[in-house]
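Before any comments, here is the structure.
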Amino acid sequence: MVKRKVSASAGLVQGRYRQEVFICQFSDMINSKGCIWSGGDPFSFSLPLVLAQLIFIFFVTRITFALIRPLKQSMISAQLIHLPLITLCCKIYTMVIVGLKQAGIFLGRSGLGRNREYSASMFRPGGRVVLQTIADLGFMFHVFVLGVHVDPTMLRRADRNALLIGASCFALPFALGGLASYTLPQLTIIDEATAHFLPFIAVVNSTSFFPVITSLLGDLKILNSEIGRIATLASLVNDACIYVVSILVTTVNASASYSKWNGALSIAWTGTFLIVAVFAVRPFVKQVARTIPERGSMRESQFLMVAVLALICGFIAESIGQPAALGTFILGIVVPEGPPLGSSLIYKIDTLCTGLLLPAKFAISGFSLDIFAIGKGKSLLGVEAVILLGYLGKFAGTLVPAVHFGVSFRDAVPLALIMCSKGIIEASLYIGFKDTGVITNEAYALLLITMLVITGIMRPLIWYLYDPSRRYSGYRTNSIQHLDPTSELRVQVCIHNEDNVPSIVNLLEASNPSRRRPITVFVLNLMELKGSAAALLVATHNRKGKAKLKSLPSRTEHISNAFNILAHRNQGSMAVQHFTSIVPYATMHDDICTIAVDKGVNIVIIPFHKQWAIDGTVGANFPAIRMVNQQVIHKAPCSVGILVDRGQLADNTQILFGHSFFRVTMLYLGGPDDDEALAYCCRMLGHPHISVNLIWLRHSSDTTEKCPDMIHWFKANNMDAGRVTYKEETVNDAVGTTQVLRSLEDSSDLCITGRDHEHYSELTLGINEWIECPELGFIGDMLATSDYSFSLLVVQQIPPGTEFINIQALKPVSSSFYSASGKYSQHSGFGSYG
1 MVKRKVSASA GLVQGRYRQE VFICQFSDMI NSKGCIWSGG DPFSFSLPLV LAQLIFIFFV
61 TRITFALIRP LKQSMISAQL IHLPLITLCC KIYTMVIVGL KQAGIFLGRS GLGRNREYSA
121 SMFRPGGRVV LQTIADLGFM FHVFVLGVHV DPTMLRRADR NALLIGASCF ALPFALGGLA
181 SYTLPQLTII DEATAHFLPF IAVVNSTSFF PVITSLLGDL KILNSEIGRI ATLASLVNDA
241 CIYVVSILVT TVNASASYSK WNGALSIAWT GTFLIVAVFA VRPFVKQVAR TIPERGSMRE
301 SQFLMVAVLA LICGFIAESI GQPAALGTFI LGIVVPEGPP LGSSLIYKID TLCTGLLLPA
361 KFAISGFSLD IFAIGKGKSL LGVEAVILLG YLGKFAGTLV PAVHFGVSFR DAVPLALIMC
421 SKGIIEASLY IGFKDTGVIT NEAYALLLIT MLVITGIMRP LIWYLYDPSR RYSGYRTNSI
481 QHLDPTSELR VQVCIHNEDN VPSIVNLLEA SNPSRRRPIT VFVLNLMELK GSAAALLVAT
541 HNRKGKAKLK SLPSRTEHIS NAFNILAHRN QGSMAVQHFT SIVPYATMHD DICTIAVDKG
601 VNIVIIPFHK QWAIDGTVGA NFPAIRMVNQ QVIHKAPCSV GILVDRGQLA DNTQILFGHS
661 FFRVTMLYLG GPDDDEALAY CCRMLGHPHI SVNLIWLRHS SDTTEKCPDM IHWFKANNMD
721 AGRVTYKEET VNDAVGTTQV LRSLEDSSDL CITGRDHEHY SELTLGINEW IECPELGFIG
781 DMLATSDYSF SLLVVQQIPP GTEFINIQAL KPVSSSFYSA SGKYSQHSGF GSYG
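Residues 1 to 834, numbered by the UniProt record's numbering, are exactly what the sequence shown covers, in order.
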């Protein structure tokens, strides 16, 4: 094998917009063919070089992200800053080396003494072309994924307030930036090139792109918060404004640069592409989506079909003078978001493109960021003034209308900071402007560095200023224990899947709704956010007909029907309202607690995260649901019940029509949680097919005759019923407690107990050392093991709060932004029960 001393040569030539590097290299320098054994350099060949570049970029990006993540920074920040930092370090090191050499210090040829060649070996000019082509392909598919997240129909549901906030946070920075770009050349010395691109900076700094804002909200876990929903709708309106303005600017620029017909042709071709995408491609893609089962995955042929469509759209966009990423973004928008098609596409594309190829896109652009270019031009202050006016205008353009429409100043400030944040799409626009010669290297550096600094400061500031749980953390509703026995009981039930429905329906039936003791049920259908960027909290009980529910998964209608049948069976004594929440698991508890506050709920019933198989073993385990339950236990503004279903509650024939009683055991050790559990148990006493057995566990050293108030009340009001039994069990320690629990196995279908009991009780001393699920408490955790076969309801009473909610005087929701895709319904009571 002949070793080539020179693999490529480079020189400067005049390019289309500026002087560019002209590279000459051998056409067969692709595969190294083991050149390392003959003393060759693998980096001289295209394939090993691009592989090494991807590996280097991946690890450096991940290390950088790990270092800045505690500061609430994003992955895009890590992708943009690591190579400029390396470049800066190399230049500083070079200056140090030169200074030392001039001082007479000789470093030889070892290691860093040759840092110029070393720094150029990995990202040599000849190797950037292939890497940038691969990176652009990855970016194109990443933008396609961003488009899949977008639901354009949300614009139709945005109300007047959302429209005005979104339009204002675009119009004010655009007006300030435009005014500055017009007046600055007349007030100070600005060169002609800078004066030409200042309007472009004013336009791009007015943006708050929907994918960027929703990505930020998801990172900070406030996507389904009140200001998160406002920001979601406002950014979508802002997107519509920027697209209209960008089309007009592109048309005017094309007409001015070439001929007056070029602008018209540009609009015609772009409009034709949009029409074909909406009226031809979208029906085809929707037909593909219909062939995918709701809980299934798409076939490889279906995925390849959509992937080829993305390539075709990218090719057409490039051919008509638009970026390829714009074509794939439009295709992503017309693809139905969410499962089964949208979530499957994201799952298959996002990991490779976002995790591996996308960093290369910004690493290459970041490598060309010359920090030392700042200050070389004469228009530094003018460019930075237009940039900062854009941020200031966006902040004011969001803050003022938000406060005007009823958002508190304390929440309006983080909302304005959110709308000022920039991200991946703005960075790609800066890169595109630089590559096409629209802006200079100095303006590019100023735009990128200002974005990194301001967004980097805003992200931790937003996290510090805004806590979505603040809305309900200072409130508490009336517990069941302190509720009048004949007043309305408000129960919120949470459904994660259709398997939860039978047991919860029958628990509500066992709660004995009657005209004297009515029950209002708020059914919250919980689903994980997949394949979409906007969280959803929508009332579905006011929607009429199947057509109103067609945008939601089919399980929503099935769940609604089950609870509607229950309400119809108990007509006059039970009312049901339905809500659907589609959010990430990490913030699902916020929607649960928010509805509990707004509806004055007395108790929230949540299913346990484990599901049992027929043989009594654990059939399914959902750690994400457990995380939700733990958050609800700690943050709920009302009492909470965790239902562990083992099948007894799934069959309602015994409760409704059974010849034998459904056996409920109330295990009482003492404390507020046990009092609340007993109060809920007392609601079941009037049901004709339910028997209740109250067991009070006492310590042998307790010789006082006085019993707790709840036990006393129970004995005084219910012992005359033939289906009620009462027993006192005296035990010495946790071993005696365990023996009593063992005796319940064959005498109970449902056991109810409190989560926590009297502090430092010797009855449970030692059990806590083996606890697996703290959210169930010591006793509940033991009863939830596979050693027992009956169902279990663990109740926690809400601790005292700072403010009590009067159910009869509930305040309406503070804003109409409550749902990103529909208005949140207010309380509608029964009226008269008769």
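Every residue, glycine too, gets a C-beta built ideally from N, C-alpha and C. Since this is a predicted model, take the numbers as computed values, not measurements.
When you compare the CB positions of residue i and residue j, do they come within less than 8 Å of one another, or not?
i: V795; j: A716; result: no
i: F362; j: I76; result: yes
i: V413; j: L358; result: no
i: A535; j: L529; result: yes
i: V212; j: L131; result: no
i: L248; j: A231; result: no
i: M458; j: S511; result: no
i: L176; j: G382; result: no
Does residue i come out as helix, strand or coil in the three-state DSSP assignment?
i: K72; result: coil
i: A562; result: helix
i: H699; result: strand
i: K544; result: Per-residue confidence for K544 stands at a pLDDT of 49, beneath the threshold of 50, marking its modelled position as unreliable; no derived number is given.
i: H142; result: helix
i: T133; result: helix
i: A677; result: helix
i: I603; result: strand
i: E226; result: helix
i: Q492; result: strand
i: F522; result: strand
i: R476; result: strand
i: L429; result: helix
i: A231; result: helix
i: F65; result: helix
i: M684; result: coil
i: H578; result: strand
i: T455; result: helix
i: F56; result: helix
i: N570; result: coil
i: I690; result: strand
i: T730; result: strand
i: E745; result: coil
Rounded to whole angstroms, what's the CA-CA distance from residue i to residue j? Just pull it up for me.
i: N497; j: F197; result: 54 Å
i: G545; j: L345; result: With a pLDDT of 39 at G545, under the threshold of 50, the modelled position of that residue is not reliable, and the figure given next carries that caveat. Rounded to the nearest angstrom, the two C-alpha atoms are 31 Å apart.
i: V724; j: W696; result: 14 Å
i: A734; j: I690; result: 30 Å
i: S786; j: K394; result: 58 Å
i: G456; j: I462; result: 11 Å
i: V632; j: V640; result: 8 Å
i: I333; j: S225; result: 24 Å
Is it buried or exposed, residue i, if we count other Cβ atoms within 10 angstroms and call 16 or more buried?
i: M719; result: exposed
i: P774; result: exposed
i: S747; result: exposed
i: L341; result: buried
i: T737; result: buried
i: Q577; result: buried
i: V453; result: exposed
i: Q611; result: buried
i: N561; result: exposed
Tell me where the alpha helix (DSSP H) around residue i begins and ends.
i: K394; result: L380 to H404
i: E318; result: E300 to S319
i: residue 842; result: Any question about residue 842 goes unanswered here, given that the chain covers just 1 to 834.
i: H196; result: E192 to V204
i: C773; result: Premise fails: C773 is in no alpha helix (DSSP H) and is neither H nor E.
i: C751; result: Note, C751: premise wrong, no alpha helix (DSSP H); beta strand (DSSP E) at L750 to G754.
i: H589; result: M588 to D598
i: S487; result: Neither: S487 is in no alpha helix (DSSP H) and is coded neither H nor E.
i: A175; result: R160 to L187
i: A539; result: Per DSSP, A539 belongs to no alpha helix (DSSP H); it is in the beta strand (DSSP E), L536 to A539.
Looking at the unbroken beta strand (DSSP E) that takes in residue i, where does it start and where does it end?
i: I762; result: In the sequence as presented, Ile is not what sits at residue 762; that position holds Glu. E762 -> no beta strand (DSSP E), and no H or E assigned at all.
i: K610; result: K610 to W612
i: residue 837; result: Residue numbering for the chain in the displayed model covers 1 to 834; residue 837 lies beyond these limits and cannot be assessed.
i: S44; result: Here S44 belongs to no beta strand (DSSP E), and DSSP marks it neither H nor E.
Report yes or no: is there a C-beta of chain C within less than 8 Å of the C-beta of residue i?
i: I346; result: No chain C is part of this structure, which consists of one protein chain only.
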